[in-house]
Every structure is written in C-alpha cells, then in structure tokens.
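Colleague: Residue numbers (the working numbering): 15 to 1230.
The structure is given below, and queries will be raised subsequently.
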Amino acid sequence: MKISRKTLTNTVAGLALGLGVTAGAPALALVTPSTTPPASVVDTSNSRPYWVGLGIRNEAGNGGGTCTGLLINPRTVLFAAHCVDTLAPGAYDGNSRGNRAQVGYTTDGTFGTTNLRNWLFGQDFNVPRGDGRTMVNSTMVWYDPRSRFGSEADPNSGAFLPADIALAGFDTPTELLGRDAQNGIGLLFSQVNGIVPVTIGGYGTSGNGLTGARTSGALEENFFRRLGQNVVDFLGDERQLTVGVYGQAIGDFLEPNGLRYQDLYWLDFDNPNFATEPFSSSVTRTASNTLDYNTLGGRAVAGEAITGSGDSGSPLMTSAFGRDVSLGVLSQGTRLFFDAVGNPNDNLVFGQAFSNYGSLAGYNPLFLYWDQILINNPYKYVTTRAGDGEWTDSTRWTQELDPLYFTLGAGNTLVNAVPTSAALGYSNAAPDFGTVNRNPTPPALCAYLGNCPATGGNAGPAVSAEMVAQAFSGSRLTIDGDEVGSDQGSAYYGELAGAAAGVSATNSSVKATQELAGNRLTVNTTSDDLDQGASYYGLMSGTAGATSTASGSVALGQVSATQVANNPAPINGQDANEAQTTRAWTAGRLALNSGALTGVGSSGFTPNNTDGVAGVQNSTRYFEVNLRAAGTTSMTGVTATIDRLNVRGAQSGLNIKVGSRLNTTISSFVDAGVLNVDGIFAPRQLNVLGGTVSGSGSILTQSGVLVAGGVLTPGAVGGVGTLSISGGAGFGSTGMFGVDIANSITADRLNVTGNLVLGGGFAANFLNGYVPDFGSSWTVASATGTTSGAFAMIASNLPGVLRATPRVAGKDVFVDITAVPYASFAACASVQCSGFASLLDSNRASNYSSLASVYRYSDRLNPVEAANFLQALTPWDNGLAAQSMLRTSESMSAMVMGRVAQVRQTGAQGANWGGIQTAALGGGLGVMTDAGEIMPATNVSSTMKPGWSAFGEVRGLRASAEAQKGFVGARTETVTGLVGVDYTQKNYVLGAALHLANGTSKLSSRTAKTKSDAAALSVYGSVSGPVLALDGYLSRGAGNLDMTRFAGPLAASASTDSTLTSFGAALSANNKTSWGSYVPSVSMAYDKAEIDAYRESGPIGLTVGERTVESLVARLGVTAYGNFGSGSTIKPWVRVALAHDFEASDTGANGLGFASATSVTLANVAGLAQDESWGEVGLGVEAKVKSATLGLSYETTIDRTDVRVEQIRARVRVAF
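Next comes the structure, spelled out in structure tokens:
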C-alpha cells in the first residue's frame, strides 16, 4: 500500500522531529554557547530595528504566538509561511470580536511578553497592560500557496516546510528604513555558491547550548531580540542532509526517495569549546562531553549562536557582499539522535535538545521564490513615462525596481536588479555546496521501528511502507514517559513505544511538529506563561475583561486546537477587473509580468493606496511615487493617497491643481524639478532637498516642511500667491525662501501654522521690471507659533544699491527695501566721487523724502554708472567758472603787457589791427587748440596828441580741454575786449585800460555749462634804458556767472559773482647783434579769481561755498629777433622760457550739501591739481612792407600736465 505524503507528514516526518534529521521544530530561539550569557546578546541598543518581532493572533482572540520577520519597506514584513498557515490569508481580514486574526510587529528590541500579551488578548481579556508599547497591525497576509498548508501544497512533498515564505502588509507605515530603504537589509535573489558568514537571531527563547536550559524566570526576555553569528555551511535538501548524517538505509526510511524536496540554506551550532568538550554518545552524560560532532564541518566563529523557538521567519543576513542582505527566511531547526553506546538495549538512543550544540537550522532561500515576493509585496515603487499628462492616465505609470532587491553581478558585487531567469520555486535543482559529516554513532534502523533484539544488534524484519504506516498511525512518541516536543533537556535517551506497546490510539497523538515555529502563549487564572508548546494557539480559561467583578468571574469555554486550526471557508470576492493583476489566493499564483504591478515595467494602474481584499493576491497596494522623467504630471479634480512622493528629475514636475488633493502617509521629498501645490498636499513631512516647491494652496503636514535645499516660494514661479503650511516650516543651511513681489502692495506670502525657523537663503524676485523705492516693506511670512532664526544669504534682482532685506518682527517676516552704502558700492576713482558717495549715504536716513528724485535715479545704477553719476554731482560748473575767471584774468594781464611792449617798441604811432588768436584756458582744462576754428579779432589805435595814444583790441578764443578729474572734452569760447589810453615819453610809458570779457565754458558731455561776464580796470607802466626795460601792471575786476549742470536726467542751476585780481612785472634787456637782437627777460605774474558762495536750484541742487583759484608764475626766458630783407624788413623771432607757479592753489568746491535737505551734511570736493613747473616756447615772424607791418606767431607749453596751451596770433599794423 502506498502511503500518502500527508500521512508521512503526520508520522514519519513527525518522528524525524524526535529522532531524525528533518525539521524538529519550525521555530528555534537564539541559543548561545555555555560561556555566553543570553542577556549579553540582547539588542538593547536596537541596532537592527527592522529585525522585527511578530505577534500572531487567532480568530477567536484567545490565543496567539510569536515569530520573527524582516521589515523590507515602510509597510511590509517578510517572514515564514508556517507562522500563519493554519489560517488561509483571507482570514486575516480585520480586528473585531470573533474576527481577531491578525499579525502585528514591533521594532523594539526589548518589547517583552507583557506588551505582547496585551496586544494579543488585551481587547477581550484582562491581562497585564504593560508599559504602553504596542504593535503595528496587519491589513493583509499572503503566504506562498505551495507551502505546507497552502492551496497548491504538493501531496507528494517530502520537504518539511517548503515554500515557507510569507508577507504581511500593515496599516501604519514606518520610516525607520530611511529613504529608498537605505538603512534596511536587502533581499538577495541570487544563490550564493559557497560558505558565507551570517548574522542570525530573533525574538525567541534563549538558552545554553550545553545544558539546554532555556529562558525561565525573567519571562519578559522571551520576547527580546537577540543576535548572534554563524556560517552558512551547506545548501541542499533534507534528503541529502539525512542521508549524509545517517547513511542510505535510514535516509531512505526517513526521507523516502521519489518524493519532492527543496533546497535550504543550512548552518550548525559549533561548540566553541570543542577541544575540551568533545563528542560522546556514552550512556554516562557529563558536562564535559556533548553530542556535537561537527555535522557541517568548520569551527565556531566569534559570537557563535543558533536560532531557537520564536525565531522562525527571521532573516539570514550577510555583509559579505558590501552591504547587509538577507539570503533566506528561517523555517526550521533540526536535532540529531545517536546510538546509546554501552547499553545492550539498542532501542535506547541519545537525542540532542533543540538548539543545543550540534543542532542545525534551515532557511528557505529567497532566490527560489523571488518572483512571488515581487508580485505580492504590497509596497509598489512606481514612476511615469516622459511627457506631460494627468495623474489618472494609467498608461503613463510603470512599476519600478524595489531598491532592496539585489542580485550578484561580476565579482560577486551586488546589483540592484532582479534575476533574468525564472525563479526555481519548490525545487532542489540549484547547484549545492558544502559537506555533511556522517554521524559517528547513528541509531540502528530497528530503533526507529522499536523491534531491536533485547540483546542488541541490528537484526530486524525488512521495512515496508505498510509497516511504517502501522507502526506510527495513531501512536505516541514517548521518552521516559515524556511526550517528545515538550522536553527541553540538553540530551536524553528513551524508548520508542508504538501501538504494540499498548498505548490507546484514541488517546494518543503524534506530537511531530510545532505548527508555528514559535512559542505558544497560554493564559490561565494562576499565571501567564509563555511555554514551548506544539502549536501557536493557546487555550484560555480566565476572566473576561468586560465582565470581571469583585465577587467572581465568568469562565470562558475552552476552544479546541482543532476548532482553531481548521481553515476557514474559501475566500469570498472576485478578481479585480484588471486581467491577471489580482487573483484569489485559492485560485493559484499570479505569474510574473502578467499584468499591472506584477513586475518591473508593468503598467496600467493609477497610484492610490488600497488595503485590498483579504485573500486576493496583489490587491493590497501602497505606492511610492518617483517622478524622474521630463514632464509634468497634473492632478485635476483628483484625490489620492500614496505612501511617499519623490520628485527627482530636474525636468520633472507635479502640479496639484485647485480642487485636488494628494496625501502621503510618510515623508515626501523634492530633490529636483517642481512641486506646485494649488490644491492640497498632505504629507507626513515634506523634505525639500533641491528643486522648487511653489503654489497658492495648502501643504498639510504632521511634522512640517524642511527646506534643506532648493527653493520654497509661494504662488507660481514668476507669479504672486499665498501658500499655507501646517505643522511648521524650517529652512536649512542650503535651503532658499523665495518671494515674488509685483508692486508696492502685492507680494508672495507664506502662512505657517506652527513654528517657522529661518535659515539658508532668501531671494526676492521683483516682477515685470518693478523697482521699489528705498524704505518699501511687505509682510511675506507669518507663523502661529514662534518665528526664529535668520537667513545667512540674501539675494534679489534689484538693481544698484537697493537690497531686499528680510526682517523678523514677532511672528512675522517682513521684506524691507534697504540700500548698501554708495561708499562701498560705487566704483569711485576720485575724491569727488567718494565725497558725494558719503554725502548721499549720510542723507539717506533723514532726508530721503527731500531727495527722493535723486535716490530714485541713483539707487538703480550699477557700480560704474553710480560712480559716473556721483562724479557728475560734483559742481564742475563751479570749477569751470573758477578756471575761466582765472584765465580771463591772465588773458587780460597778457593783453596789458603786450600793449606795454608794443608802445615801448613802436611809440604807439599809427593804427593797430589786433589779429586772430586761439588760446587755452589752463589749470585743469588741458586745452588743445583747434587751428580750424580760429576766430578773428581787431585792434584800432590812433594818436590823440603828441605823447598820448588811445587803443583798442579784441580777442576771440576757442579752446578744447583734455580729461582731468571730471572735465571730459571741455570747450571754452571767450571774447575779450580791451580799450585804453597811455602816455609815452622817451623812456617810460604810463597807461590805463578797461577790459570786458564774455565767455561760455562747457563739457562736451553736456553735464556742466557756465556763462560768464567780466569787467576789469588795469593800470600799467614801463621804464626803459639803453638796454634794460622794466614793465609792470595792476588789475582789478568783477564778474557774473550763470551755471547749469546735469547728473543723468537731473539738473541744477545757479548764479553768482566773482572777483578778479592780478598784478605783475617783467625785466628785460635788449641786446643788438649783427643779425638782429636778443632780449632776455624775467617776470612775475599773480592772478586770483574768487567765486562767491551760492545755492543751486533743482533736484541735485547744492549749497556751494566760496572758491578761490590763485597762481603766482615766475618766468625766465629769452627772445631772439632777426633782421632780413631788401627794401623791406623781415624780422623772425623765437622765444624760450621756463615757468614756475609758486602758488598753484585751488580751494575747490567747499561747504557742499544738498540744498533741499533739511539737515545738511557737508562734504568738500578738492580743487583741481595745477602743475608747478613747465616750459614755454614760441616763434613768429614780422614783415614790414611800406607802412604796413604783418605778424604771425605760434606759442605753446612744454611738459605741463595740468593744461596744454597753444596760441596762434596774426597781426596787421598800418602806419598813417
């Protein structure tokens, strides 16, 4: 007769729990070496919070147990199917009385059993309430249908716990894994091909690997996380392991050939003291020998440990590939049995205690079931295709790769990828590795059958399937009267008593497996004890929490294990409309990439969280949206909830329009691109690391908005709006708060419910060329809590000296328009510019309104323009006036001295036509004569009576000036007239003259202009001898000046008076030679022009104090004359002189202040620099033809830096 695999599962494989190598207990706790206290491996620092403890509650709510799992994303735990497979997934559908089946998890490493009991039973029964810590509750449970109680369980299965993979989704997401699960343990979907060091552990019981003592007394510790180290030594199936340990015959008996098996990752518990505590199967057990014979080879590593009851579902973690990844899920533990050496009764054997030295643990590899993990993982990473589109367009969305999915690439490097080949599933076809060492004293086969001869030996009948079935059907395994599965001894020997032993089949059962690889929780009236029972459900007899009274209690009926364990009816409900996207668990597995959200790249969905339908695969969906591609996704009239939003692409954007709402259950991020919120965005927290967050809607958070980078700006980019934030807002060191300002009234505004912390940068954008006035102000942010901090960087698009300066006052943030000092802003290169920079700076605070027209213009200029403007504010018209008056005085003096020389040489007879002349006005004008613009002038002289002469002369001058400290292309035009009388005797001349002058001076840039009228009276004389002659003069005059100047579009004008004073003398000697004569001379001339103080009118009008310009010039020179001609006389001449100015002073414009200012701040502008020494040269010719004398001459300065003078004169003199 053929024995079904189901029968074998309940019998033979069950027997293996007691005596064989196959799984003895699906959940095994972390057990440490005898020298390592269990308390020392408790994760008190919570270093692995994602290594979670699981509570599993039954439907009735009166029983439950524990497992361990791995948090693989904010919503999902990966664990073992056998933890939950006594109920179909559809049973985990809620939490109400009578419908309590649920999974909970904790990330707390010291959660403890009191808090666990409270979560399991506290809703319906009186239990200790603990300290308030509780678990996160499941919304869905899925386990692989090919697992032992799955809908696709193989009746020919030889594996103890195949496809032992489960996922649970939870109602409350967590952020402890970090963004992109960077802090979590990855899932390795590739097979490892050799020995790998691993970290193991869980929330199960602890104990001593030598004595078998398990956690007792301090029961809270039974639900603490413990971690240890080991090595994956072997990849293979249970049959391979059993044959390797016991040999072919027993292996064939325990794991029959022809059944279906699955590969597992295996590790064993090596005794660190193996050298002093060697293997021994002696009947006499001592503390110095163990049953560890090193099954899988190798030796104990530092921190060596093995898993224990309650650790099932825990990850098999390695760091061998550069980061933490899990290779598998803990499914089972295995203990070994040995022949009792020295005892003639071969039916007696030694057995290890679970989790003692030499025992093993087996893990279901993830690489076998990666496809089902991917499909049924409820947490979906999704993105959009490139281009603009609507959120509701399901064709735009595609599923992305989970950041915790890894494969091994070249050189065993981790690659974020999924395998390119199909998952093997329930299979042992993967290439195995490792060594299994033979049991040195294996029990005889007859010991398993209980029919060994009393005298020992291995004789026994041939074993048939019928014999096996008969031997174990309805039998109970006992060891020294104790039922196998409940004994916690370190090692024991016992007799296998089957049906032949007289045990009633009706009162016996095979305690072969622990249904939950974990702990059974029993609650009774005397104590709350966490024991190591065979099943995860517990019988409850106690007090109903709702009916407890002082006088007694209501007893609850006991619920049988059978009642609790029976699977519920098939799941109600239908597949979703999406073809092959969802499917009832009972209808078979979903295929990879068979529809929406069944594989990387799948499409046809719209992100919106849903808890799904219990028992329907892939119906529970929690979304993390990554916007990477170029294009904007718009939400129009949509409300959606996802777990996280990440705007990552520089050209990516999300536009939440008015009337739309997006909720995210955990923190969301903006790395780049644009998130515009005109509707409602409700994340737990919004982290802005780059890009832009804008809008006129509301951002509703629990933990606030942190702008660590990028820009937060109310309104649309380039538009004005009001953005509201609840939960607080803060700006980090590289974040930016940006505001748009449209006019003097309208500006962006941020309203924060909560606290507002300022930092990073502030940027103000003034729209459409709007430039505000200094002193303007807007409220741009307000908080209901406190407003603190300050911006470290401030920027705006304001021109010139204007600055947008944020200011905190109370709970509000204002933007004030301030100005930087012109003294530091303008590119000044002169004292005039610097002086007016200071003048404007000092007047701004007190006189802005009076000088508003000045500031409104100057505040907008760039540094170079500002410097030019400030330079133009200098009263250059005042300088023109002073220098013009001085040169007028010098010109008058020169005309007088010229008259003296003429009279002395000619006797003043006849009429003189004073020729044409161009001249330079020096002292800072840098004159350059334009020969093409010579203007004629005339001179008339007649003899009134012997000794007396009357004369007249008119000179016209036009001059151009080089640049010097503000004079740019200065041009002066002056007409000077001279009339006078003189008296001549043989050796002296005395005379008097009246001077009249009219002139215009201006800069070619038209920034300054001066008109002048002047009159002066001069007296002069000369005394001469045969050789020497002494000439002298004295003049005094007055003038009137009309001045106008411009600085940009602004002007100022004024009128004032001036006074002219000059005197001088010259000594010369006339020496005749055969060729003519030469006349050495020395002279001294003093000229002074004084400009009265005045007050200008106009926007840039100034008050200007008195100005005085003086010169005292000494000259030493010689003039040589020649005589040539026949019948007429030609006299060429040349003159050379050295000049030195002993005075050369210009007091400059002083007492300056703005005329319209109510409080004048003075500034002086230095006068123009004047050269002290220079050379002069001149040459000319005179020709006498009958009664007429013609003359032409050219004179200029040499090496004079303040002014260049060139003069051309032509004369005609006629005697009659």
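For glycine and all other residues, C-beta sits at the position ideal for the given N, C-alpha and C.
Which runs of the alpha helix (DSSP H) spanning at least 4 residues fall entirely within the stretch 646-675, listed in chain order?
Modeller: none
Colleague: According to the neighbour-count rule (16 or more other Cβ atoms, all chains shown, within 10 Å of its Cβ), is Q1 buried or exposed?
Modeller: Examination of residue 1 is not possible in this model, given that the chain is present from 15 through 1230 alone.
Colleague: How many angstroms separate the CA atom of V1003 from the CA atom of G961?
Modeller: 9 Å
Colleague: Three or more beta-carbon pairs under 8 Å between the stretch 1182-1192 and the stretch 1132-1151, yes or no?
Modeller: yes
Colleague: Could you check what DSSP says for R452 in three-state terms: helix, strand or coil?
Modeller: The three-state reading of DSSP puts R452 in coil, since its state is none of H, G, I, E or B.
Colleague: Helix, strand or coil: which one does DSSP assign to G78?
Modeller: For G78, the secondary structure class from DSSP, reduced to helix, strand or coil, is strand.
Colleague: Mapping the DSSP letters down to three states, classify Y784 as helix, strand or coil.
Modeller: In the structure shown, Y784 falls within a coil segment according to DSSP collapsed to helix, strand and coil.
Colleague: Find the nearest neighbour of A756 within the set L772, T612, W792, judged by alpha-carbon distance.
Modeller: W792
Colleague: Along the chain, where does the beta strand (DSSP E) that runs through V1093 open and close?
Modeller: 1090-1105
Colleague: Roughly how many angstroms separate the alpha carbons of P159 and L191, rounded to a whole number?
Modeller: 29 Å
Colleague: Once DSSP output is grouped into helix, strand and coil, what is the label at I179?
Modeller: coil
Colleague: Does F368 come out as helix, strand or coil in the three-state DSSP assignment?
Modeller: coil
Colleague: Assuming the contact rule is C-beta atoms closer than 8 Å, L1130 and L1152 should be a hit. Round their C-beta distance to whole Å, please.
Modeller: At roughly 5 Å, the Cβ-Cβ gap stays under 8 Å, so L1130 and L1152 are in contact.
Colleague: Could you give the distance in angstroms between the alpha-carbon of S328 and the alpha-carbon of Y462?
Modeller: When rounded, the distance between both Cα atoms is 32 Å.
Colleague: Smallest Cα separation from K1016: which of V989, N876, L894?
Modeller: For the options V989, N876, L894, the alpha carbon positioned closest to that of K1016 is the one of L894.
Colleague: So the beta strand (DSSP E) A1202 belongs to, where does it begin and stop?
Modeller: 1202-1212
Colleague: On the three-state DSSP scale, how would you describe L273?
Modeller: The three-state secondary structure of L273, taken from DSSP, is coil.
Colleague: In angstroms, rounded to a whole number, what distance separates the CA positions of A1083 and Q897?
Modeller: 33 Å
Colleague: For A1103, which of R162, S1076, K1086 has the nearest alpha-carbon?
Modeller: Ranking R162, S1076, K1086 by Cα distance to A1103 puts S1076 first.
Colleague: Beta-carbon separation of T646 and E404 under 8 Å?
Modeller: no
Colleague: In chain order, what residues of the same chain lie with their CB nearer than 8 Å to the CB of N391, ignoring the 5 residues before and after it?
Modeller: These residues qualify, in order along the chain: I86, N87, T90, L181, D416.
Colleague: If M807 sits next to G768, beta carbons under 8 Å apart, how far is it from one beta carbon to the other, in whole angstroms?
Modeller: M807 to G768, Cβ: 24 Å. No contact.
Colleague: Would you check if the stretch 689-706 and the stretch 105-120 touch, i.e. whether three or more CB-CB distances between them fall below 8 Å?
Modeller: no
Colleague: According to the neighbour-count rule (16 or more other Cβ atoms, all chains shown, within 10 Å of its Cβ), is P728 buried or exposed?
Modeller: buried
Colleague: For the beta strand (DSSP E) holding E1196, just list the boundary residues, first then last.
Modeller: Bounds of the beta strand (DSSP E) holding E1196 are 1187-1199.
Colleague: For G342, count neighbouring Cβ atoms within 10 angstroms of its own Cβ and tell me buried if that reaches 16, exposed if not.
Modeller: buried
Colleague: If you drop the 5 nearest sequence neighbours on each side, which residues of the same chain put their C-beta closer than 6 Å to that of P1094?
Modeller: Short of 6 Å from the beta carbon of P1094, and not among the five residues preceding or following it, lie these beta carbons of its own chain, in chain order: A1083, V1132.
Colleague: Measure the Cβ-Cβ separation of T348 and G216 and say whether it is below 8 Å.
Modeller: no
Colleague: Could you check if V691 is buried or exposed, using at least 16 other CB atoms within 10 Å of its CB as the buried criterion?
Modeller: buried
Colleague: Rounded to the nearest angstrom, what separates T1211 and Q1184 at their Cα positions?
Modeller: Near 14 Å, if we compare the C-alpha coordinates of Q1184 and T1211.
Colleague: According to DSSP, is W13 part of a helix, a strand, or is it coil?
Modeller: Nothing about residue 13 can be reported from this structure: the residues present for the chain run from 15 to 1230 only.
Colleague: Just tell me which of G1112, D122, D1101 has its CA closest to the CA of S905.
Modeller: Nearest of G1112, D122, D1101 to S905, Cα basis: D1101.
Colleague: Assuming the contact rule is C-beta atoms closer than 8 Å, G1099 and D1045 should be a hit. Round their C-beta distance to whole Å, please.
Modeller: The sequence as given places Ala at residue 1099; Gly does not occur at that position. Contact flag wrong, Cβ pair sits at about 11 Å.
Colleague: How many whole angstroms separate the CB atoms of G242 and V55, which I take to be in contact at a CB cut-off of 8 Å?
Modeller: 6 Å
Colleague: When you compare the CB positions of L350 and L305, do they come within less than 8 Å of one another, or not?
Modeller: Between L350 and L305, the gap from beta carbon to beta carbon is short of 8 Å.
Colleague: Grab the span of the alpha helix (DSSP H) containing P877 for me, first residue to last.
Modeller: 877-887
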